[in-house]
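>
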Amino acid sequence: MGKIQVMNSHLANKIAAGEVVERPSSVVKELVENAIDANSTKIDIILEESGIKSIKVIDNGLGMDKEDALLAFSRHATSKLTKEQDLFRIMTLGFRGEALPSIASVSDITLMTSNGVDSGTKVHFRGGKLIEEGLAAFRKGTEISVNQLFFNTPARLKYLKSENTELSYTIDFINKIAISNPQISFKLMNNQRVLLETYGNNNIIQVLSSIYGIEVAKKIKTETYKDNYLDMKLYFSEPEVNRTTRNYITVIINKRMIKNNEIIKAVLAGYESYLPIKRYPIVVLDITIDPLLVDVNVHPSKLEVRLSNQEHIKTVITDIIQKKLKELMYIPKVTFRKEISDGVKEEQQQFDLKEQEKVNADDYFNHSEIKSEYQKPKELKPEKDLKLNQTFPYQKEVPGVINGKNKLPKLYYIGQLAGTYLLAQNEIGLYMIDQHAAQERVNYEMYLKHFSQPIHEYYELLVPLTFDFSLNEALIIEENLNLLTDMNIMIEKFGLSSFIVHKIPNYLNKGNESEIIKTIFDFLIHHKKLSNDQLFKELAITLSCKRSIKANHYINELEIEKLIRDLEKCDNPYTCPHGRPVLINLSFNEIEHLFKRTM
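Given below as structure tokens:
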């Protein structure tokens, strides 16, 4: 007898389970996606011990008759594909027919279902073996109970994480599946406690309110886009609403939640210089495109897809976000708060076991719009334990621009503090400007403009600059001669590995030519993989930081006035290229409150 044998179905299902069923959240994902494909409008997910002990998913979908209920536990049995051509027009979340047999092979699972016409059916499997089948009284829909997950694969059970961590994975999935399906009502419970409930009224903003809170939902901007290739809805937070991970960026294509690093990069490019380093926005991209342009059959998890027109989608996303953010004015407002007791904690991705007050979002929402009226916050007492808060609690949206082409309100210089901050005022109140951040922003936009536009204003160097490199470095510089020309830097090769610069554009600082050109060369050598546009931006950030006024440096009034006027003309005068605030505002009302002139 030969050594090669065909595996029995029980062993094959166990192997498949290793790919499909990784942890309790994997089971929840497969069962919930099946419920969505069954046209459910209400889905309840009930866990015990974060799903390690039991998982129950109840839906009001189409349901099944007895024959289909049994066949559903057969490998590669599916109602979603009938011919090869269907594979290229997939609009359902599941299609492989592996989920139920894989789950059944590593658990004790009971399915109760009814199509609303025939009698209900009950099917019970344990470790992949049929234990019981028969009739059951059941309303239209399906209920699947999964118990003792990994009871027969102790190695997999051993490597599950803590209950809280496993629960956080499930919460993350349910959050995103609820966002991608606002037309469905979801309820998530653990140990008889409701963790999330949405209303199924097709309002994504209301779903975001249920997940992130009402105050965050109020700061979500909405844009739509449509062309011959795609139909897209974008929901993105104002820069003041940001998080520590990219996990809050949700990408949905044809109602399928996916992972795509390139699209996430396009989102972050839209927020470039609006967010501090290592801070990320809350974004939902709901994209509908021809299924022929999407390949979802890439990985068993079905989270990864290939897109035929990905570059076009990326460009649209970046342009829309940039355009919308440029229409907003972000001047941080100084507020005085108690150290901790009156502060607001940032929403955490890890689940907090403390009981949280449930809020009915219907009290705050009217269809797709958020009511502007909300409960007055607790009055703060500045005389006790005051703490200066320089986050972004205040933003003011302005229609178009202010002062003609300027986006800042008119400011009048009144002094300088510690050689670091400029003080200015207007009818609103007092403004403090970080002089280094302000000049960084001015220089950044100046460099970026000149790097990409041809100019004819140069000055000849009395003594040409010569730069020597290793052979490898010289090859990189030689490959980028056209790029340097685009940046208006005239350079020619001299010998085997040297280069000479005879003249440089006027926009580069006189007296520091050698240092600036050397910085540009070093940047080209160490950033070979960047696109030209990204290289221009990163180089502009580096040069603007090096060439800007430092802290503890006093400048005269003429220089200060020029800096403020230059800042007023910037496309984004509110943050430096790294995303830090350029200026903050203390209103006259708050000043009078601090001096007890008003109560």
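Taking our numbering, I'd label the letters of the sequence shown as residues 49 to 647. Idealized CB from N, CA, C, for every residue including glycine. As the structure is a computational prediction, the values presented were derived from the model and not from experiment.
1. Would ILE225 and ILE84 qualify as a contact pair, given that the criterion is a beta-carbon distance under 9 Å?
2. Is PRO553 helix, strand or coil by DSSP?
3. Using only the alpha-carbon positions, how far apart do VAL75 and GLY318 sit?
4. Can you check which of these residues, ILE632, HIS626, ILE306 and ASN637, is closest to LYS326 by C-alpha distance?
5. Considering ILE603, what are the terminal residues of the alpha helix (DSSP H) in which it resides?
6. Under 9 Å, do ASP113 and ASP156 count as touching if we go by C-beta distance?
7. In angstroms with no decimal places, state the Cα-to-Cα distance between LYS372 and ARG187.
8. Measuring alpha carbon to alpha carbon, tell me which of LEU456, TYR479 and LEU243 ends up nearest LYS617.
9. Which residues does DSSP pair with SER635 in a beta bridge?
10. Helix, strand or coil for HIS360 per DSSP?
11. Just list the residues that DSSP pairs LEU513 with in beta bridges.
12. Could you work out which residue in ARG595, LEU465, LYS313 and TYR260 is closest to ASP220 when comparing CA atoms only?
13. Closer than 8 Å: is that where the CB of ILE597 sits relative to any heavy atom of the ligand MG?
14. Mapping DSSP to helix, strand and coil, what is ALA185?
15. Do LYS303 and ILE93 count as a contact pair if the criterion is CB distance below 9 Å?
16. Can you tell me the Cβ-Cβ gap for ASN200 and VAL154, rounded? I've got them flagged as a contact below 8 Å.
17. Below 9 Å between beta carbons: does that hold for LEU611 and GLN464?
18. Buried or exposed: where does SER122 fall if 16 or more other Cβ atoms within 10 Å of its Cβ makes it buried?
19. Between the alpha carbons of ASN229 and ASN250, how many angstroms are there, rounded?
20. Within a Cβ cutoff of 8 Å, which residues of the same chain sit near TYR460, ignoring the five residues on either side of it in sequence?
21. Out of curiosity, what's the CA-to-CA distance linking TYR479 and ILE597?
22. On the three-state DSSP scale, how would you describe PHE643?
23. Can you tell me whether DSSP reads GLU97 as helix, strand or coil?
24. I'd like the span of the beta strand (DSSP E) that includes MET305, first residue to last.
25. Use the C-beta contact count for GLU97: other C-beta atoms within 10 angstroms, 16 or more gives buried, fewer gives exposed.
26. Report yes if the CB atom of LEU282 is closer than 9 Å to the CB atom of LYS269, and no otherwise.
27. Could you check how far apart the C-beta atoms of LEU513 and ILE548 are, in whole angstroms? I think they sit under 8 Å.
28. Once you ignore the five residues that flank LYS424 on each side, which residues in its own chain have a CB closer than 8 Å to its CB?
29. For a quick check, are the C-beta atoms of THR218 and LEU95 less than 9 Å apart?
30. So does the segment 105 to 112 actually touch the segment 160 to 177, counting three or more Cβ pairs closer than 8 Å?
31. Per DSSP, MET237 is paired with what?
32. With distance defined between alpha-carbon atoms, name the residue in ILE100, PHE569 and LEU591 nearest to PHE517.
33. Got a sec? Which residues, its chain only, sit under 6 Å from THR158 by beta carbon, not counting five neighbours each side?
34. Alpha carbon to alpha carbon, what distance is there between ASN637 and LYS644?
35. Bridge partners of PRO329, per DSSP?
36. By Cβ distance below 6 Å, which residues in the same chain neighbour ILE337 in space, the five residues on each side in sequence not counted?
On the basis of the coordinates in this document:
1. Indexing the sequence shown from 1 puts residue 225 at position 177. Indexing the sequence shown from 1 puts residue 84 at position 36. Closer than 9 Å, so yes.
2. Counting from one through the sequence shown, the residue named residue 553 turns up at place 505. In the structure shown, PRO553 sits in a strand (DSSP, three-state: E or B).
3. Walking along the sequence shown from the start, residue 75 turns up at place 27. Walking along the sequence shown from the start, residue 318 turns up at place 270. Answer to the nearest angstrom: the Cα atoms are 35 Å apart.
4. Locating residue 326 in the sequence shown gives position 278, where the first residue counts as 1. The option with the nearest alpha carbon to LYS326 is HIS626.
5. Within the sequence shown, the letter at position 555 stands for residue 603. Unbroken run through ILE603: none, as it is neither H nor E.
6. Looking up residue 113 in the sequence shown gives position 65. Looking up residue 156 in the sequence shown gives position 108. Not a contact, by the Cβ cut-off of 9 Å.
7. In the sequence shown, the residue the question calls residue 372 occupies position 324. In the sequence shown, the residue the question calls residue 187 occupies position 139. About 48 Å.
8. As a position in the sequence shown, residue 617 is number 569, starting the count at 1. Comparing Cα positions, the closest option is LEU456.
9. Counting from one through the sequence shown, the residue named residue 635 turns up at place 587. Answer is GLY477, bridged to SER635.
10. Locating residue 360 in the sequence shown gives position 312, where the first residue counts as 1. HIS360: helix per DSSP, three-state reduction.
11. Locating residue 513 in the sequence shown gives position 465, where the first residue counts as 1. Per DSSP, VAL549.
12. For this step, residue 220 is matched to residue 172 along the sequence shown. Checked all of ARG595, LEU465, LYS313 and TYR260; the closest Cα to ASP220 is TYR260.
13. The model depicted lacks the ligand MG and carries no ligand whatsoever.
14. Locating residue 185 in the sequence shown gives position 137, counting from the first residue. If DSSP states are grouped into helix, strand and coil, ALA185 belongs with coil.
15. On the sequence shown, residue 93 is found 45 positions in, with the first residue counted as 1. On the sequence shown, residue 303 is found 255 positions in, with the first residue counted as 1. Contact: no.
16. Along the sequence shown, one-based indexing puts residue 200 at 152. Along the sequence shown, one-based indexing puts residue 154 at 106. With a Cβ gap of about 6 Å, ASN200 and VAL154 count as contacting.
17. By one-based count along the sequence shown, residue 611 stands at place 563. By one-based count along the sequence shown, residue 464 stands at place 416. No, the pair does not count as a contact, with Cβ atoms beyond the cut-off.
18. By 1-based counting over the sequence shown, the position of residue 122 is 74. Result: exposed.
19. Translated into positions along the sequence shown, residue 229 becomes position 181. Translated into positions along the sequence shown, residue 250 becomes position 202. ASN229 and ASN250: Cα-Cα distance of roughly 8 Å.
20. Taking the sequence shown and counting its residues from 1, the one referred to as residue 460 is at position 412. Hits under 8 Å: ALA472, GLN473 and ASN474.
21. Working through the sequence shown from its first residue, we reach residue 479 at position 431. Working through the sequence shown from its first residue, we reach residue 597 at position 549. The straight-line gap from Cα to Cα measures roughly 19 Å.
22. Working through the sequence shown from its first residue, we reach residue 643 at position 595. Coil at PHE643, not helix or strand.
23. Residue mapping note: residue 97 aligns to position 49 of the sequence shown, counting from 1. In the structure shown, GLU97 sits in a helix (DSSP, three-state: H, G or I).
24. Numbered from its first residue, the sequence shown carries residue 305 at position 257. First-last of the beta strand (DSSP E) with MET305: 304 to 306.
25. Position 49 of the sequence shown holds residue 97. Looking at its Cβ environment, which holds fewer than 16 other Cβ atoms inside 10 Å, GLU97 is exposed.
26. Numbered from 1 along the sequence shown, position 234 holds the residue referred to as residue 282. Numbered from 1 along the sequence shown, position 221 holds the residue referred to as residue 269. Cβ atoms of LEU282 and LYS269: closer than 9 Å.
27. Counting from one through the sequence shown, the residue named residue 513 turns up at place 465. Counting from one through the sequence shown, the residue named residue 548 turns up at place 500. Their Cβ separation, rounded to whole angstroms, is 7 Å, which keeps LEU513 and ILE548 in contact under 8 Å.
28. Along the sequence shown, read from residue 1 onward, the residue named residue 424 stands at position 376. Below a pLDDT of 50, predicted positions are generally treated as unreliable, and LYS424, at 38, falls in that range; the measurement from the model is reported next regardless. Once the five neighbours on either side are set aside, LYS424 has no close Cβ partner at all.
29. On the sequence shown, residue 218 is found 170 positions in, with the first residue counted as 1. On the sequence shown, residue 95 is found 47 positions in, with the first residue counted as 1. Yes, Cβ-Cβ distance for THR218 and LEU95 is below 9 Å.
30. yes
31. The residue you call residue 237 lines up with position 189 of the sequence shown. Answer is ILE94 and VAL242, bridged to MET237.
32. Counted from its first residue, the sequence shown places residue 517 at position 469. That would be PHE569, whose Cα lies nearest to the Cα of PHE517.
33. Here residue 158 refers to the residue found at position 110 when the sequence shown is read from its first residue. Answer for THR158: HIS172 and SER193, listed in chain order.
34. As a first step, residue 644 is located in the sequence shown; it is residue number 596 there, counting from the start. As a first step, residue 637 is located in the sequence shown; it is residue number 589 there, counting from the start. Spanning the two alpha carbons is a distance of roughly 10 Å.
35. The residue labelled residue 329 in the question sits at position 281 within the sequence shown. Note: PRO329 sits in a beta bridge opposite ASN290.
36. The residue labelled residue 337 in the question sits at position 289 within the sequence shown. Counting only Cβ-Cβ distances below 6 Å, and skipping sequence neighbours, we find LEU278.
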